[in-house]
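> One structure coming up, written as structure tokens, with questions to follow.
2 protein chains.
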Amino acid sequence: MKDVAAELGVSTATVSRALKDDPAISLATRQAVAEVALRVQYRPSAAARRLRTKSTSLIGVVMQSVGDGYIGAVVLGIQSRARELGYQPLFFATEGRTDLESQALEVFLSEQVTELITVSPSAGVPHQAVAEGLHVAVINSDEAVPARRIERVATGKVSAVGPVWAAEPMIKHIAFDDLGAGRLATTYLTELGHRSFVHLRGPNVRSSLLRLLGYRQALTEAGLWPQPVLTAAEPVMQSREAAVADFLNTAEPPVAMVAYDDMSAVAALHAAHRAGWRVPEDLSVVGIDDIQFAAYTNPGLTTVAQPKHRLGALAVDAVLERDAAEVTVLDGELVIRESTSAPTSRGPR
Amino acid sequence: MKDVAAELGVSTATVSRALKDDPAISLATRQAVAEVALRVQYRPSAAARRLRTKSTSLIGVVMQSVGDGYIGAVVLGIQSRARELGYQPLFFATEGRTDLESQALEVFLSEQVTELITVSPSAGVPHQAVAEGLHVAVINSDEAVPARRIERVATGKVSAVGPVWAAEPMIKHIAFDDLGAGRLATTYLTELGHRSFVHLRGPNVRSSLLRLLGYRQALTEAGLWPQPVLTAAEPVMQSREAAVADFLNTAEPPVAMVAYDDMSAVAALHAAHRAGWRVPEDLSVVGIDDIQFAAYTNPGLTTVAQPKHRLGALAVDAVLERDAAEVTVLDGELVIRESTSAPTSRGPR
DNA sequence: TGGGGTGATGTAATCGTTTAACTTCGCAAT
DNA sequence: ATTGCGAAGTTAAACGATTACATCACCCCA
Chain R
1 MKDVAAELGV STATVSRALK DDPAISLATR QAVAEVALRV QYRPSAAARR
51 LRTKSTSLIG VVMQSVGDGY IGAVVLGIQS RARELGYQPL FFATEGRTDL
101 ESQALEVFLS EQVTELITVS PSAGVPHQAV AEGLHVAVIN SDEAVPARRI
151 ERVATGKVSA VGPVWAAEPM IKHIAFDDLG AGRLATTYLT ELGHRSFVHL
201 RGPNVRSSLL RLLGYRQALT EAGLWPQPVL TAAEPVMQSR EAAVADFLNT
251 AEPPVAMVAY DDMSAVAALH AAHRAGWRVP EDLSVVGIDD IQFAAYTNPG
301 LTTVAQPKHR LGALAVDAVL ERDAAEVTVL DGELVIREST SAPTSRGPR
Chain D
1001 MKDVAAELGV STATVSRALK DDPAISLATR QAVAEVALRV QYRPSAAARR
1051 LRTKSTSLIG VVMQSVGDGY IGAVVLGIQS RARELGYQPL FFATEGRTDL
1101 ESQALEVFLS EQVTELITVS PSAGVPHQAV AEGLHVAVIN SDEAVPARRI
1151 ERVATGKVSA VGPVWAAEPM IKHIAFDDLG AGRLATTYLT ELGHRSFVHL
1201 RGPNVRSSLL RLLGYRQALT EAGLWPQPVL TAAEPVMQSR EAAVADFLNT
1251 AEPPVAMVAY DDMSAVAALH AAHRAGWRVP EDLSVVGIDD IQFAAYTNPG
1301 LTTVAQPKHR LGALAVDAVL ERDAAEVTVL DGELVIREST SAPTSRGPR
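As you go down the protein sequences, you meet chains R and D in turn.
Quick note on numbering: my numbering labels position 281 of the first sequence as 281, and the sequence is numbered without any gaps.
With positions in the second sequence counted from 1, the corresponding number in my numbering is that position plus 1000.
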């Protein structure tokens, strides 16, 4: 504010008033101030404003949790670790609207946040954020580029290092081993004795491509590639269901399906149910994520669990310790329920 | 801080140092300061501290949404309305630990928050909060006491006023019409021609009791009371499932079930599936909430939708406008899917 | 010629903490 | 006696904005 004032040869009081469009300030001055403020990227300090005005524009919200899905669990992990370290998380849900992302960043900059975590997908924010000098960590990023230092974390302990990964310098990545999960799910099915497969693909983001790759690798190793892949690019349940329904029309049981994630698997179960395919007799399904719901689908969903809480917690650590690994990879774990079985001899449909 | 300093006849600098346990301050003084600080309920100003130190202990978190369950949707409603009005929500998930509730309040007080919203259940916070002079609104409170002014909001518009309700002066309540939802669900089943019912009760909180009451009222009016009620006091899926499984063992189809909420209904569907009961042929199930998942259970769940987003938005308004109604009630809406049908003549199990 | 009004801006205090730099005091060593 | 030194505080500036009050130039009208 001082800078803006100095540049125009006026007092900070004038600037303050001009920015509030106080009619006491001449129009010419107001415009000049607005122009300079924009040019020098003036950003008001929320702290100073609050201190002076004693009004914070803050609404406290207390709740138990924030849902049992993938993001909810990650958020809980972030929150609990952040508080352990004396930090206060400031959440911003974009509701899928890209325009809100920059708005989120703007809010954070005014709050003088210096650490930012994003839970993918969330487009450009991370890059804008590093440009502003923030320390940023991305959980399950959508992007990929070669990395310099990677730590692979297997169920609890740091273990190895490998060159698979993605990183813009300055952005820390915390990621689930999507490729491994795809393989794990697929291998489980091949070992069960399945020969006829199908993969229900997710949207065109990293995690989806890697899971597909895992599916492919596992099948190639088993000598079963190629096998069909269903595309439902939009994360919209209807389109997933439709894709599965179309496929089931032309296929013969038994089939083993690897779904992009638990929600996709749920859509598949729904489609199967409607098409009269029995699970797991006609169709084995395995998901990825292990959301709370997965235990209560009919039948219970076999899935590769993602360490969601831990992803959140590690992101906090990554963003706070400047020297942490660029990329941290966490392994999934197979959770076997009732949606999978060995292929049955073709029974009555 | 000035007060503490004055009371002890020392400078604020000393107090500041003493509170950080700076060894430059004599032990005696440190203890004295700590004691007085506690007595006068000294609460540091986060804003001032940030302004001075330029370190905010804030971590920005960006994500798409926060889950598709009941709370996630409410939270989205809160956030979007708050931002529209230029407010910044500060979320705190207690993860069910009651001790964290006071901690949440403590954080908010340091942030000089003056408006608080809680999404039930969340025990004592609201009362502590009013004691501290905050304006508080509770969404779907667990408690009940006579109210002075109620507004009933039916699908969009404020319409009537009635004397059913709960309010500690100073606490605004935004609530879903649980009783009405219970009735609506039940009546739908009676009109379908069902004669044999069962209700799967939720935990011992207001919403659960009211839904049960609605079930009872509707059946009484239809001349069908009494009918069984299953109790699964803990919001634990296992116990719900077990209760349903036990019941199905001794019952004869067709049965019509009103579940406490969608998650309970899911547990019921799961139990039914395992017990070999067909839905909806043997068992009709209706839930309450309409979480995103409800559309994808097998079969799709008929449910009474709660206007979740709106509950959140209205809570923001309530907390910001001091003169709003003490209690606002929102109506549910029946969403018909495939988990319900007219009772069938007893088919083969 | 002066009094008063008005429009545009400046001055300076203030919000609650932190912290660099300084003071004060008692005591020991010279 | 003087000096030096550490312990225990104090003083005051600073953080970045807001705002009551003061100032100033200029014009209008008597």
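By construction, the Cβ of each residue, glycine as well, lies at the ideal position given by its N, Cα and C atoms.
Only counting the same chain, and skipping five residues up and downstream in sequence, which positions put a Cβ closer than 7 Å to that of D:Gly1180?
The residue labelled residue 1180 of chain D in the question sits at position 180 within the second sequence. The residues are Gly1214, Asp1331 and Gly1332.
> Rounded to a whole number of angstroms, what is the C-alpha to C-alpha distance between R:Ala147 and R:Arg310?
Along the first sequence, read from residue 1 onward, the residue named residue 147 of chain R stands at position 147. Along the first sequence, read from residue 1 onward, the residue named residue 310 of chain R stands at position 310. The predicted position of R:Ala147 is uncertain, since its pLDDT is 45 and thus under 50; no value can be drawn from it.
> Give me the subset of the region 1292 to 1306 of chain D whose CB atoms are less than 9 Å from a CB atom of chain R, sorted by chain position.
Within the region 1292 to 1306 of chain D, the qualifying residues are Gln1292, Phe1293, Ala1295, Tyr1296, Thr1297, Asn1298, Pro1299 and Gly1300.
> Alpha carbon to alpha carbon, what distance is there between D:Phe1108 and R:Pro89?
Start at 1 with the first residue of the first sequence, and residue 89 of chain R comes out as number 89. Start at 1 with the first residue of the second sequence, and residue 1108 of chain D comes out as number 108. Taking the straight line from one Cα to the other gives about 13 Å.
> Determine the chain D residues that contact R:Arg50 at a beta-carbon separation under 8 Å, and present them in chain order.
Taking the first sequence and counting its residues from 1, the one referred to as residue 50 of chain R is at position 50. Simply Ala1047 and Gln1112.
> Nearest to R:Ser65 by CA position, among D:Ala1093, D:Ala1342, D:Arg1216 and D:Met1263, is which residue?
For the purposes of this step, residue 65 of chain R is identified with residue 65 of the first sequence, where counting begins at 1. R:Ser65 has its Cα closest to that of D:Ala1093, out of D:Ala1093, D:Ala1342, D:Arg1216 and D:Met1263.
> Which residues in the same chain have their Cβ closer than 7 Å to the Cβ of D:Gln1079, if we skip the five residues on either side of it in sequence?
Along the second sequence, read from residue 1 onward, the residue named residue 1079 of chain D stands at position 79. Counting only Cβ-Cβ distances below 7 Å, and skipping sequence neighbours, we find Pro1089.
> Comparing the C-beta of D:Met1063 with each C-beta of chain R, is any distance below 9 Å?
Taking the second sequence and counting its residues from 1, the one referred to as residue 1063 of chain D is at position 63. Cβ-Cβ to chain R under 9 Å: yes for D:Met1063.
> Could one say the Cβ of R:Met1 lies closer than 9 Å to chain D's Cβ atoms, at least one of them?
If you number the first sequence from 1, residue 1 of chain R lands on position 1. Not an interface residue.
> Distance check for D:Glu1007 and D:Val1040, CA to CA, integer angstroms please.
Taking the second sequence and counting its residues from 1, one reaches residue 1040 of chain D at position 40. Taking the second sequence and counting its residues from 1, one reaches residue 1007 of chain D at position 7. Each residue's alpha carbon lies about 10 Å from the other.
> What residues are listed by DSSP as bridge partners for R:Phe92?
Translated into positions along the first sequence, residue 92 of chain R becomes position 92. Answer is D:Val1062.
> Going along the chain, which unbroken runs of the beta strand (DSSP E) with 3 or more residues stay wholly within the region 1280 to 1338 of chain D?
Whole beta strand (DSSP E) segments, 3+ residues: 1283 to 1289, 1302 to 1305, 1327 to 1330 and 1333 to 1335.
> Where DSSP assigns a beta bridge to R:Val255, which residues make up the other side?
In the first sequence, residue 255 of chain R corresponds to position 255, counting from 1. Note: R:Val255 sits in a beta bridge opposite R:Leu283.
> Return the CA-CA distance between D:Pro1343 and R:Gly223, expressed in angstroms with no decimal places.
Here the question's residue 1343 of chain D lines up with position 343 in the second sequence. Here the question's residue 223 of chain R lines up with position 223 in the first sequence. Cα to Cα, the separation comes out at about 51 Å.
> Between the C-alpha atoms of D:Ala1313 and R:Glu111, what's the straight-line distance to the nearest angstrom?
Reading the second sequence from its first residue, position 313 is the one you call residue 1313 of chain D. Reading the first sequence from its first residue, position 111 is the one you call residue 111 of chain R. Approximately 24 Å between the Cα atoms of the pair.
> Buried or exposed: R:Asn140, going by 16 or more other Cβ atoms within 10 Å of its Cβ?
Locating residue 140 of chain R in the first sequence gives position 140, where the first residue counts as 1. With 16 or more other Cβ atoms within 10 Å, it is buried.
> My parser needs the beta strand (DSSP E) runs of 3 or more residues fully inside the region 200 to 281 of chain R; what are they?
Fully enclosed beta strand (DSSP E) runs of 3 or longer: 229 to 231 and 255 to 259.
> So who's on the other strand from R:Phe108, going by DSSP bridges?
Along the first sequence, one-based indexing puts residue 108 of chain R at 108. According to DSSP, which records beta bridges pairwise, R:Phe108 is partnered with nothing at all.
> Below 8 Å CB to CB, which residues in the same chain sit around R:Glu84 once its five sequence neighbours on both sides are set aside?
Against the first sequence, residue 84 of chain R aligns to sequence position 84. Closer than 8 Å at the Cβ level, and outside the excluded window around R:Glu84, lies no residue.
> Taking the alpha carbon of R:Val4 as the point to measure from, which residue in R:Thr302, R:Pro44 and R:Val286 has its own alpha carbon closest?
Looking up residue 4 of chain R in the first sequence gives position 4. Nearest C-alpha to R:Val4: R:Pro44.
> Using the C-alpha atoms, what's the distance from D:Ala1104 back to D:Val1205?
Counting from one through the second sequence, the residue named residue 1205 of chain D turns up at place 205. Counting from one through the second sequence, the residue named residue 1104 of chain D turns up at place 104. Spanning the two alpha carbons is a distance of roughly 22 Å.
> Strictly below 7 Å CB to CB, what residues from chain D border R:Pro121?
Here residue 121 of chain R refers to the residue found at position 121 of the first sequence. Within chain D, the residues near R:Pro121 are Gln1064.
> Using a cut-off of 9 Å between C-beta atoms, extract the partners of R:Leu314 located in chain D.
The count along the first sequence starts at 1 and reaches residue 314 of chain R at position 314. In chain order: nothing, as chain D lies at least about 13 Å away.
> By the criterion of Cβ-Cβ separation under 8 Å, what are the contact partners of D:Ser1057 in chain R?
The count along the second sequence starts at 1 and reaches residue 1057 of chain D at position 57. Gly86, Tyr87 and Gln88, listed in chain order.
> Listed from N- to C-terminal order along the chain, which residues in the region 1254 to 1282 of chain D have their beta-carbon within a distance smaller than 7 Å of any beta-carbon of chain R?
Within the region 1254 to 1282 of chain D, the residues whose Cβ lies closer than 7 Å to some Cβ of chain R are Val1266, Ala1267, Leu1269, His1270 and His1273, listed in chain order.
> Within a Cβ cutoff of 7 Å, which residues of the same chain sit near R:Ala129, ignoring the five residues on either side of it in sequence?
Position 129 of the first sequence, counted from the start, is the residue given in the question as residue 129 of chain R. For R:Ala129, where only same-chain residues beyond five positions count, the Cβ hits under 7 Å are Leu105, Leu116 and Val136.
> Using the beta-carbon count (16 or more within 10 Å), is D:Arg1183 buried or exposed?
Position 183 of the second sequence, counted from the start, is the residue given in the question as residue 1183 of chain D. When all chains shown are included, D:Arg1183 counts as buried.
> For R:Ala24, which of helix, strand or coil comes out of DSSP?
Within the first sequence, residue 24 of chain R is the residue found at index 24, counting from 1. The answer is coil: DSSP assigns R:Ala24 none of H, G, I, E or B.
> Do you know how far the Cα of D:His1173 is from the Cα of R:Ala47?
Reading the first sequence from its first residue, position 47 is the one you call residue 47 of chain R. Reading the second sequence from its first residue, position 173 is the one you call residue 1173 of chain D. About 31 Å.
> At what residues does the beta strand (DSSP E) containing R:Thr118 begin and finish?
What you label residue 118 of chain R is simply residue 118 of the first sequence in a count that begins at 1. Glu115 to Val119 is the span of the beta strand (DSSP E), which, as asked, contains R:Thr118.
> Is it right to say D:Thr1297 is buried, meaning 16 or more other beta carbons lie within 10 angstroms of its own, or is it exposed?
Here residue 1297 of chain D refers to the residue found at position 297 when the second sequence is read from its first residue. Answer is buried; the Cβ neighbour count reaches 16.
> I want to know whether the region 1283 to 1300 of chain D touches the region 319 to 328 of chain R - three or more CB-CB distances under 8 Å.
Counting Cβ pairs under 8 Å, fewer than three are found: no touch.
> For D:Val1258 and D:Val1286, which I take to be in contact (beta-carbon distance under 8 Å), what is that distance rounded to the nearest angstrom?
Here residue 1258 of chain D refers to the residue found at position 258 when the second sequence is read from its first residue. Here residue 1286 of chain D refers to the residue found at position 286 when the second sequence is read from its first residue. Confirmed, Cβ separation roughly 6 Å.
> Can you give me the start and stop residues for the alpha helix (DSSP H) that D:Met1054 sits inside?
Within the second sequence, numbered from 1, the residue matching residue 1054 of chain D stands at position 54. Per the sequence presented here, residue 1054 of chain D reads as Lys, with Met not at that position. Element bounds for D:Lys1054: n/a, residue is neither H nor E.
> I want to see whether chain D comes within less than 9 Å of R:Thr14, judged by CB atoms only; does it?
Numbered from 1 along the first sequence, position 14 holds the residue referred to as residue 14 of chain R. So, not an interface residue.
> I'd like to know if D:Phe1108 contacts chain R, where contact means its C-beta is closer than 9 Å to some C-beta of that chain.
Residue mapping note: residue 1108 of chain D aligns to position 108 of the second sequence, counting from 1. Interface residue, yes.
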